[in-house]
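J.: My structure is below; once you've seen it, I'll send some questions.
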Amino acid sequence: MSFLTIENLSAHVGPAPILRDVSLSVAAGEVRGLVGESGAGKSMIGKAVLGTLPTAVKVSAGRIVLEGEDLQAMRPRDRRRLIGAKAALIPQDPLTALNPSRRVGPQITNRLVDILGWTKADAGHRAEELLDEVSIPDPERVMRAYPHELSGGMRQRILIASAFAAEPKLIIADEPTTALDVTVQKQILRLIKQMQARHGTALLFVTHDLGVVSKICQSLTVLFGGKVLEDTRVEQFFDHPGHPYSAALLAATPKYTDPDASLTPVPDAVIEGVQAEIAAFDRMHGHV
Amino acid sequence: MADARGLVKRRIGMRLWLSGGWLTLLVLAAIFAPLIAPQDPLMQDLFGGRMPPFWEAGSDAAFPLGSDSLGRDVLSRIIYGARVALGVALIAGTLTCLIGSLLGLIAGYFRGWPDMVISRLVDIWMAFPPVLFAILLIAVMGTGLTSIIIAIVVIDWTRFARVIRAEAMSQGAMDYVASAQVAGRKRFSTMLAEILPNVLPTIVVLLTLEMGIAVIVEAILSFVNLSISTDQPTWGSMIAEGRLSIHQAWWVLVFPLITLFLTVLSFSQLGEGLKDHFDPVLR
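Chain order of the listed sequences is U and E.
Numbering of the first sequence is given in the working numbering, commencing with residue 2 and proceeding in unit increments.
Numbering of the second sequence is given in the working numbering, commencing with residue 58 and proceeding in unit increments.
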């Protein structure tokens, strides 16, 4: 049974649609990739689920169901508590995702104390365990540190630890490796995968990197212009992409085995095809 | 310099020492005015009028900075005037800061209609010429310390609201705010726990600037005789009186003026110094 289900979600900024009838689901313990180029609406989906959409974005239709409860129908307060207890975010940029003027420890334990009602001491022990689990040396010292005293890789590890702190059933990772050094990226990716497997958490992994998808995801959703083009199993996708755009994306991925081969951009014809598809969709749904 | 934990210990700069020193001196003088003032600031002696400061011929050691046309001691009047000046700076500055910062935080963080309302108010407010507005307010409310403080708060909250709104907006866009929301924090408590600590350095700087401005506004109002009753010495009224006898007794005008100048300068320098000292990015 799927833990998170998004049904026919549409969202607009002013008159401009940014999500068009998006449906996807993440089963308990599943890792689903959400890929698309920048501006495709990948992050917006994550934000819609977590309730952190910018105020300019209005959800105009659709349902987001988390463990059988319709988030759109809930009161903001209940929704916040539900999300706080069941879901978490691994943000994109570790440099801005920790509050620069607060120590690291309380930023990890906040949720445990606020939502789950743990005592500060228990939450502190739990945070130390978690920091240990994400291979941070000397957790006690790190808990007392300010974010700027730690490196980018360290901060991302802390954010991962923090995301897993309350044993959420769903984690949304919003391009968690994009802001990191390539050498650190691989470690962080492995770490997320390990933590996910150990805790059995469902993971919605937002990325534009198909290489990453092939390594950690079981299923994926391809997005373009806020519209789902393809929703498939990962093996299926890499062997037989179901949409011309998916095939073009795969062809555009650099081949590490042949570094001299020139890069193939997504052909204009394919882009035009997708745009025509979206225009047809908009006409059908009454947008201009 | 770095200590064992790799934290850089910053020295307290000259700027902080000097400005802090002057203000401390002034605060102490204001508190202990009856003990340290050489004369009663209100006592008149028409035969001892316009006595020059101590280094000039014809001075009296009991009147170190000279006396005014009515024979009142300039130093004692400056010391007592500090009570009014600092009282207004502290109370009006703090109130302005609290109200302006809170509105600025709300506008910048919540956006939407609260921002609309607050920002339009700020726009309208800033269209009034501040000094005329102050005089108008005092004219309506009547003179007195409370009126001055209210006038300053009513006029100057926009200064805080505008700057803090912009800061709160840029902080609000940071990922750590989204993270706090996802972790189930309420909007208002997110604002206080996550945004406020990061705009605090700016608030401190604005607060000290505002205290300096409050001192000036009080001086302006007493200069035009709209402050408190004339039997209470204030720097502004001393300057106004001194102006009349500038050719015969320059010291009556110059000493309060220097005091006012140093005080306002110290407030702004204190703010700058504190900002450098507490900035989380430099920390």
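All C-beta atoms in this analysis are idealised placements derived from N, C-alpha and C, irrespective of residue type, glycine included.
1) How big is the Cα-Cα spacing for Y246 (chain U) and V223 (chain U)?
2) Take R62 (chain E) and list the residues in its own chain whose beta-carbon comes closer than 8 Å to its own, dropping the five residues that flank it on each side.
3) Are there 16 or more other CB atoms within 10 angstroms of the CB of L264 (chain U), so buried, or fewer, so exposed?
4) Got a sec: which bits of the stretch 247-277 of chain E sit with their beta carbon under 7 Å from any beta carbon on chain U, in order along the chain?
5) Mind pulling the chain E residues with CB within less than 7 Å of I46 (chain U)?
6) In this structure, does DSSP put G229 (chain E) in helix, strand or coil?
7) Kindly indicate which residue of E:L83, E:E298, E:F324 and E:A118 has the alpha-carbon position closest to the one of D125 (chain E).
8) With burial defined as no fewer than 16 other Cβ atoms inside 10 Å of the residue's Cβ, what is the status of P255 (chain U): buried or exposed?
9) If you drop the 5 nearest sequence neighbours on each side, which residues of the same chain put their C-beta closer than 6 Å to that of G138 (chain E)?
10) Across which residues does DSSP place F225 (chain U) in a beta bridge pair?
11) Hey, out of E:L160, E:K332 and E:G115, whose CA is closest to T259 (chain E)'s CA?
12) Count the other CB atoms within 10 Å of the CB of N55 (chain U); is the residue buried (16 or more) or exposed (fewer)?
13) Which class does P171 (chain E) belong to by DSSP, given the choice of helix, strand or coil?
14) Hey, does A174 (chain U) have any beta-carbon neighbour from chain E nearer than 8 Å?
15) When you compare only the Cα positions, how much space is there between N111 (chain U) and A74 (chain U)?
16) Between D232 (chain E) and chain U, is any beta-carbon pair separated by less than 8 Å?
17) Going straight from the alpha carbon of G207 (chain E) to that of D283 (chain U), what length do you get?
18) Can you tell me the Cα-Cα spacing of L50 (chain U) and S39 (chain U), whole angstroms?
19) What separation, rounded to the nearest whole angstrom, lies between the Cα atoms of R134 (chain E) and G150 (chain E)?
20) From this set, U:G227, U:S215 and U:A146, which residue's C-alpha is nearest I279 (chain U)'s C-alpha?
21) Under the DSSP definition of a beta bridge, which residues are partnered with R234 (chain U)?
22) Could you check whether the Cβ of D115 (chain U) sits closer than 8 Å to any Cβ belonging to chain E?
23) Taking only the alpha-carbon atoms, compute the straight-line gap between D60 (chain E) and L113 (chain U) and give it to the nearest angstrom.
T.: Reading it off the structure:
1) 9 Å
2) Caution applies to R62 (chain E), whose pLDDT of 46 falls short of 50 and renders its modelled position unreliable; the value that the coordinates give is listed next. Hits under 8 Å: none found.
3) exposed
4) E251, P254 and N255
5) Per Cβ cutoff of 7 Å: no residues; I46 (chain U) is ~14 Å from chain E at best.
6) helix
7) E:E298
8) exposed
9) P290, T291 and W292
10) U:K228
11) E:K332
12) First, the residue type needs correcting, since residue 55 (chain U) is Pro and not Asn in the sequence shown. By the neighbour-count rule (16 or more Cβ atoms within 10 Å), P55 (chain U) is not buried but exposed.
13) helix
14) no
15) 26 Å
16) yes
17) Correcting the residue identity first, residue 207 (chain E) is Ile in this sequence and not Gly. Distance between the alpha carbons of I207 (chain E) and D283 (chain U) is about 57 Å.
18) In the sequence as displayed, the identity of residue 50 (chain U) is Val instead of Leu. Cα-Cα distance, rounded: 19 Å.
19) 23 Å
20) U:G227
21) U:S220
22) yes
23) Bear in mind that a pLDDT of 46 at D60 (chain E), under 50, signals an unreliable position, so the number given afterwards is only what the model happens to contain. Approximately 33 Å, taken between the alpha carbons.
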